[in-house]
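> Start counting the sequence shown at 24; every next residue gets the next number (the numbering used here). Cβ atoms here follow ideal geometry from the backbone N, Cα and C, with glycine treated the same way. This is the structure I want to talk about, given as structure tokens.
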Amino acid sequence: MGPIRHSLIILTHNKRAYTQVCLTGLLNTRIRNWELIVVDNGSTDGTREWLESFIPVCRREGIRLQVLHNPPSTGCSTARNQGANRATGSRLAFLDNDVTVRTRDWLEQLDACLDRHPESAAAGPKLVYPYPPHAIQCAGVGISRSGRVQFRGRGDARDTPRWNAECEVQALISACFLFRRDAFESAGGFDPVFNPVEYEDLDLCYRVRSAGRTTWYTPAAELYHFESVTTAGTPTLPNTRLIIRHGLRFKDRWNHCFQSEDGPPDSATHWKKIPPRALDTIAPLPVLDSTGGHP
């Protein structure tokens with residue numbers, strides 16, 4: 024293992040089985056120049072104990088794992104910033120605990136995307152559902168002039184040509200994205216005003232873009248995403264008014280940008296309802312060497 028280049032930062036709150044799939048899956052990552060930092064927000068289901076037991080497993084694989092323990096009231100922005108503050112890598116990969124590796128070269132591909140675009144701040148992968156036919160969950164984010172959010176490609180076949188081209192996008196989601204550390208720190212990290220959850224990732228993308236940087240989607244990296252597991256069941260999640268308030272804050276903050284961007288029409292932002300599948304109903308997930316395609 025060479026010098027640490029990447030710091031992988033993962034937020035957890037209960038859902039131990041998903042965390043186990045996520046972290047053990049990350050060991051399939053082809054390169055090994057990364058460290059792992061898990062920030063646990065007050066888990067009570069045995070996640071904390073399992074994370075401690077996973078430290079020697081990572082050590083045998085040449086990976087350093089740090090586990091940070093927070094009270095359950097800690098918000099997502101604050102927790103992710105804590106992880107970033109403990110990181111030593113020059114590139115910060117933020118992941119939720121409901122993603123896991125589909126292509127072994129995912130980190131290399133996100134890295135290469137940033138290298139291809141010197142002005143870039145962040146790159147995100149193609150996220151697909153973890154059950155056949157592995158439809159797209161998110162291929163980057165589009166935002167309409169009225170501020171409606173589109174998960175590009177959601178529900179489409181993963182090989183749909185439209186979503187197989189690397190491109191600049193308006194935003195990315197924190198289920199998985201790789202940031203240049205300097206861009207992340209210059210923007211001030213995730214804004215705690217969006218605690219406990221929702222819109223903190225989109226806001227961060229707009230802040231780095233407002234500073235002249237860019238955010239990119241590359242289909243050459245793929246990860247599975249179970250969707251909405253990391254934040255499900257947190258104590259404040261049922262507070263719908265808070266979520267709405269965050270959405271309004273995000274729109275008010277960046278509406279001037281929406282008006283000048285070539286975002287999707289409102290008609291393309293309709294949220295496709297994809298029935299969730301429980302982890303124990305899903306067969307072992309295949310791990311591929313690469314997508315076999317080109318960015």
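1) What first and last residue would you give for the alpha helix (DSSP H) that runs through threonine 238?
2) Decide if the segment 71-78 is in contact with the segment 177-195; the criterion is three or more beta carbon pairs, one per stretch, under 8 Å apart.
3) For the alpha helix (DSSP H) containing serine 76, name the first residue and the last one.
4) Label aspartate 285 either buried or exposed according to how many other C-beta atoms from any shown protein chain fall within 10 Å of its C-beta, with 16 as the threshold for buried.
5) Taking only runs of the alpha helix (DSSP H) that begin and end inside the segment 89-117, which ones reach a length of at least 4 residues, in chain order?
6) For histidine 146 and cysteine 136, which I take to be in contact (beta-carbon distance under 8 Å), what is that distance rounded to the nearest angstrom?
7) Can you tell me which of the three DSSP states asparagine 278 falls into?
8) Inspect the beta-carbon positions of arginine 125 and valine 310 and report whether they are closer than 9 Å.
9) Using beta-carbon positions only, say whether proline 153 and asparagine 187 come within less than 9 Å of one another.
10) Closest to aspartate 214 by CA distance: which of Gly48, Lys274, Ser100, Tyr41 is it?
11) Which whole runs of the alpha helix (DSSP H) in the segment 195-228 are 4 residues long or more, in chain order?
12) If we ignore side chains and look at the alpha-carbon of each, how far apart do histidine 157 and leucine 115 end up?
13) According to DSSP, simplified to helix, strand and coil, what is histidine 29?
14) How far does the alpha helix (DSSP H) with glutamine 132 in it reach, from first residue to last?
With the structure as the only source:
1) Element bounds for threonine 238: not the alpha helix (DSSP H) but the beta strand (DSSP E), 237-248.
2) The segment 177-195 and the segment 71-78 do not touch, with fewer than three beta-carbon pairs separated by less than 8 Å.
3) Counting along the chain, the alpha helix (DSSP H) containing serine 76 begins and ends at 70-83.
4) When all chains shown are included, aspartate 285 counts as exposed.
5) Within the segment 89-117, the complete alpha helix (DSSP H) runs of at least 4 residues fall at 99-109.
6) It should be noted that the sequence gives alanine, not histidine, for residue 146. Between alanine 146 and cysteine 136 the beta-carbon gap is near 4 Å, inside 8 Å, which marks them as a contact.
7) The answer is helix: DSSP assigns asparagine 278 an H, G or I state.
8) With contacts defined by Cβ atoms closer than 9 Å, arginine 125 and valine 310 form a contacting pair.
9) No, they are not a contact pair.
10) The residue among Gly48, Lys274, Ser100, Tyr41 with its C-alpha nearest the C-alpha of aspartate 214 is Ser100.
11) The alpha helix (DSSP H) runs of length 4 or more contained entirely in the segment 195-228 are, from start to end of the chain, 204-209.
12) Between the alpha carbons of histidine 157 and leucine 115 lies a gap of roughly 27 Å.
13) Three-state DSSP puts histidine 29 in a strand.
14) The continuous alpha helix (DSSP H) containing glutamine 132 extends over residues 129-139.
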